[in-house]
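Since the structure comes first, as structure tokens, the remarks are kept for the end.
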Amino acid sequence: MIIKEYQTLDSFFYEEIPRCLSQRNVRVSENTEWYLTNLLSNCRNRLLSEKEGFESVTLLQEKSLSEPSLSKRIGDQCLIWVGIFYDYIERIGNGQINYHCSVGSLSYDRFANLARQGQDALRDTYLELAENFKDIGEALRMIDIPKNLSSKQIIDTLERYHKEGKIRDLLILQTNGINPQQVQNVIA
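Mapped onto the numbering used here, the consecutive letters of the sequence shown carry residue numbers 373 to 560.
Set out below in structure tokens:
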């Protein structure tokens, strides 16, 4: 796996996040790239922390009514769910993906608006995350996409894509230089 090429998780994300954003044609500022790198680097600690961990988005939304600063945490958590844990969310249902994208985007927007313009250096980053939430989530899904697959792996992935239509399989094929529609036209 490609992560073995890097000495630290930070250096892995530092290189992979810009590559994935570029590959999906998602344009964000350097501050937003930095934010995403830190978010994902710290994700491991959050997952293992008994204190913080991941709480139900619905419960966090309720709490955020009296504690608006939780909006950032909701946005972060939703971005991790739709970016890194997309396959899990997709198994629960496609509506969950749309739900987490909407809630995450609105939460970042709300958090950005809590900060007075010019007083929070990351205000523009939160606005950018809100505006590009779905696209950033799609780019983050590419972080663990396998590259340089064998012919058999490509054929298996192609068959699975045509059977199930999973976005992850499409990304795997595209990353490996395969356009499933063109291949289907050649086969047909």
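Every residue, glycine too, gets a C-beta built ideally from N, C-alpha and C.
- Between Y480 and G509, the CB-CB gap reaches or exceeds 7 Å.
- For S413, same chain residues with a beta-carbon under 6 Å away, outside a window of 5 residues either side, are L381, D382, F385 in chain order.
- In this structure, DSSP gives T430 a helical state, which the three-state scheme calls helix.
- In the three-state reduction of the DSSP assignment, S522 falls in the coil class.
- In the DSSP assignment, V475 falls within the unbroken alpha helix (DSSP H) covering 466 to 486.
- Apart from sequence neighbours up to five positions away, the residues of its chain that approach E462 with a beta-carbon distance below 7 Å are I469, ordered along the chain.
- Each residue's CA atom was taken as its position, placing Q449 and R488 some 23 Å apart.
- Non-local beta-carbon contacts of D516 in its own chain, meaning distances under 6 Å to residues more than five positions away in sequence, are absent.
- In this structure D507 is in contact with V398, their Cβ atoms being roughly 5 Å apart against a cut-off of 8 Å.
- Our two residues, L545 and I389, have alpha carbons roughly 19 Å apart in a direct line.
- In the displayed model, T529 falls within a helix according to three-state DSSP.
- A distance below 7 Å separates the beta carbons of C392 and M514.
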